[in-house]
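Residue numbers (the working numbering), protein chains in the order written: chain V, 1378 to 1504; chain R, 87 to 349.
So the structure is just underneath, and the comments pick up after that.
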Amino acid sequence: MHRSISAVVGTVVAVSPTGVAMTMAADAATHAPASPAARNYGGSRVSMRYGIVQVFITVEGRRVVNVYQSLPTDRPRSKFINASAGLALRSEALKAQSANIHTVSGATLTSRAYVTSLQAALNAAHV
Amino acid sequence: MGLRQHRLEHVMGMPIGVDVCDPDIGAKTVDRVYRWLRFVDATFSTYCEDSEISRLNRGELAVEQTHPAVRSVLRRCERLRMQTDGYFDIRAPHHSARRVVVEAGPARPIDPSGLVKGWSVAGAALILDRAGARNYCINAGGDARLRGRSWNGESWRVGIQHPRIRDRLAAVLVASDVGIATSGAYERGEHIVDPHTGRPSQGVLSVTVVGPDVATADAYATAAYAMGPRGAQWCAGLKDYAAMVILSEGAVLSTPAMSRYRV
């Protein structure tokens, strides 16, 4: 499919080039927000083989300005493994753009799944 | 002068597009591609009562009696289950917005669709390769295989669908000779479940994986999505595959290899 070229729209927020690496191994209590208006939010705590990982974001107003993780530090070996993985990820804000493209990759529901799901919803609503 | 082959048909419950830009490749080759896709649908679809997978799940067929392709796919699914620490699991219960489908015991039904979609695209690409095609784009419901260049010689450009805004893109990739797969659940309805907890994966809107094989990319994207936010970290450890993870909070995590595809 082809779409016409148009301007990039949406919020683009500059993030430190080191991204996640900058705040690796810091926990939420000691991480200073980027500005007085910014707040940190923690995601769900996920158990990994070497400890607990939790993803945090820093939000200013309605924009995500940073994403970082707390990484397990109690085992020296895990620190190294997670350090390299943490360094490897680049974080940025989600953009919304239009562009001239040939095809789209997305997590679209199959139409059968959609119909099944829709029917279930209709049944529940007694429509 | 040959014609560019551009076809779109509905198979496996989704639109499947085949775009071939080699003048020597004709309609008969594309016919073969869609025959293959319909074979995959008839053999593997859990929505098709008579498919071998459905019959397997009902106990009407033993694994030993199935088509060699079925056995090959099931073996590959088992290898992927181990490789992804159990996050790609064809026996995982299927969670819909309405109810959790709970299956008990060792004979839980299987649903290999997390691999089969990408695998069917890989098979379609093989048909085109053997016919001599060198420039094509196959896209089955968001799983794509690209080779060479588009009709006017320009590089294939792939948009990653924005998970929240329907007619917008989250990113644009320029790629060739790769497979691309995206897993996620943008809308209410069926969700990928974390096989370890049985609950829908939280915190991630989508995972896009790019690499040499679209079937592997499909399975990796499915597994990484099921892992939740730490899926991005798992992807960073993959050899030969790049990933982009869109989190629910509106942030995007990418592995270093993804930068070679981004524009």
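Think of the CB as a built atom: it goes at the ideal place given N, C-alpha and C, for glycine as much as any other residue.
Contacting residues, own chain, Cβ-Cβ under 6 Å from residue 259 (chain R) (five flanking each side not counted): Excluding positions up to five away in sequence, the list reads 244, 347.
Chain R residues whose Cβ lies nearer than 9 Å to that of residue 1467 (chain V): Going along chain R in sequence order, the residues near residue 1467 (chain V) (Cβ under 9 Å) are 338, 339, 340, 341, 342, 344, 345.
Residue 356 (chain R) - containing alpha helix (DSSP H), residue span: Given a span of 87 to 349 for chain R in the structure shown, any question on residue 356 (chain R) remains unanswerable.
Contact set for residue 337 (chain R): own chain, Cβ-Cβ below 7 Å, skip 5 residues either direction: Excluding five sequence positions before and after residue 337 (chain R), none of the CB atoms of its chain fall closer than 7 Å to its own CB.
Reference residue 129 (chain R), options R:157, R:247, R:208, closest by Cα: When each option's Cα is compared against that of residue 129 (chain R), the closest is R:157.
According to DSSP, residues forming a beta bridge with residue 270 (chain R): For residue 270 (chain R), which the question treats as bridged, DSSP gives the partners R:292.
Rounded Cβ spacing between residue 293 (chain R) and residue 317 (chain R) (contact assumed at less than 8 Å): So it is a contact: roughly 6 Å between Cβ atoms.
Closest Cα partner of residue 1482 (chain V) within the set R:118, R:92, R:248, R:98: Among R:118, R:92, R:248, R:98, the Cα nearest to that of residue 1482 (chain V) belongs to R:248.
Stretch-stretch touch, CB-based, cutoff 8 Å, three pairs: the region 161-168 of chain R with the region 216-229 of chain R: Per the Cβ contact rule, the region 161-168 of chain R is not in contact with the region 216-229 of chain R (fewer than 3 Cβ pairs under 8 Å).
Per DSSP, cross-strand counterpart(s) of residue 257 (chain R): In the DSSP output, where bridge partners are listed per residue, residue 257 (chain R) has R:246.
Cα-Cα separation, residue 98 (chain R) to residue 104 (chain R): A straight line joining the alpha-carbon of residue 98 (chain R) with that of residue 104 (chain R) spans about 15 Å.
CB contact below 8 Å: residue 91 (chain R) versus chain C: Absent here is chain C; the protein component of the structure consists of chains V and R.
Residues bridged to residue 1478 (chain V) [DSSP beta-bridge criterion]: DSSP lists no bridge partner for residue 1478 (chain V).
Burial state of residue 270 (chain R) (16 or more Cβ within 10 Å): Flag for residue 270 (chain R) reads buried.
Residue 114 (chain R) classed as buried or exposed, judged by whether at least 16 other C-beta atoms fall within 10 angstroms: Classification for residue 114 (chain R): exposed.
Best match in R:152, R:223, R:349, R:201 for proximity to residue 211 (chain R) [C-alpha to C-alpha]: For the residues R:152, R:223, R:349, R:201, the minimum Cα distance to residue 211 (chain R) belongs to R:223.
Helix, strand or coil at residue 214 (chain R) according to DSSP, with G and I counted as helix: In the three-state reduction of the DSSP assignment, residue 214 (chain R) falls in the helix class, which pools H, G and I.
Within-8 Å CB hit, residue 239 (chain R) to chain V: No - not a single Cβ of chain V is within 8 Å of the one on residue 239 (chain R).
Option in R:150, R:174, R:108 with minimal Cα separation from residue 313 (chain R): Nearest Cα to residue 313 (chain R) within the set R:150, R:174, R:108: R:174.
Cβ neighbours of residue 235 (chain R) in the same chain (closer than 8 Å, five flanking residues each side left out): Apart from sequence neighbours up to five positions away, the residues of its chain that approach residue 235 (chain R) with a beta-carbon distance below 8 Å are 107, 221, 241, 242, 262, ordered along the chain.
Buried/exposed call for residue 148 (chain R), threshold 16 Cβ in 10 Å: With fewer than 16 other Cβ atoms within 10 Å, it is exposed.
Range of the contiguous alpha helix (DSSP H) that encloses residue 166 (chain R): DSSP places residue 166 (chain R) in the uninterrupted alpha helix (DSSP H) bounded by 154-169.
Members of the region 318-335 of chain R near chain V, C-beta cut-off 9 Å: Per Cβ criterion, the list reads 318, 319, 320, 321, 322, 323, 331, 332, 333, 334, 335.
Neighbour flag for residue 1384 (chain V) against chain R, beta carbons, 8 Å: Its pLDDT being 25, under 50, residue 1384 (chain V) is placed unreliably by the model, and the measurement read from it follows with that caveat. Taking Cβ atoms only, chain R never reaches closer than 8 Å to residue 1384 (chain V), which makes this a no.
Residue range of the unbroken beta strand (DSSP E) whose run includes residue 103 (chain R): Judged by DSSP secondary structure, residue 103 (chain R) falls within the beta strand (DSSP E) whose first and last residues are 100-106.
Alpha-carbon to alpha-carbon, residue 305 (chain R) and residue 205 (chain R): Between the C-alpha atoms of residue 205 (chain R) and residue 305 (chain R) there is a straight-line separation of about 9 Å.
As assigned by DSSP and simplified to three states, the class of residue 127 (chain R): In the three-state DSSP reduction, residue 127 (chain R) falls in the helix class (H, G or I).
Cut-off 7 Å between Cβ atoms - residues of its own chain near residue 92 (chain R), not counting five sequence neighbours on either side: Cβ neighbours of residue 92 (chain R) beyond the five flanking positions: 105.
For residue 66 (chain R), the three-state DSSP class (helix, strand or coil): Any property of residue 66 (chain R) remains undetermined from this structure, which presents chain R solely from 87 to 349.
Same chain, Cβ closer than 7 Å to residue 326 (chain R), neighbours up to 5 away in sequence not counted: Excluding sequence neighbours, residue 326 (chain R) sits near 297, 298.
Neighbouring residues, chain V, relative to residue 242 (chain R) (Cβ below 7 Å): For residue 242 (chain R), the C-beta contacts it makes with chain V under 7 Å involve 1479, in order along the chain.
Under the three-state DSSP convention, the category residue 328 (chain R) falls into: Three-state DSSP puts residue 328 (chain R) in a strand.
Pair within 8 Å by beta-carbon distance, residue 344 (chain R) and residue 328 (chain R): Contact flag set, yes.
Whole-number beta carbon distance between residue 200 (chain R) and residue 230 (chain R), since they are thought to touch under 8 Å: With 8 Å as the limit, residue 230 (chain R) and residue 200 (chain R) do not qualify as a contact, their Cβ atoms being about 16 Å apart.
Nearest-angstrom beta carbon gap, residue 227 (chain R) and residue 203 (chain R) [assumed within contact, 8 Å]: Confirmed, Cβ separation roughly 6 Å.
Whether residue 1470 (chain V) touches residue 341 (chain R) by CB criterion (8 Å): When the beta-carbon positions are compared, residue 1470 (chain V) and residue 341 (chain R) stay at least 8 Å from each other.
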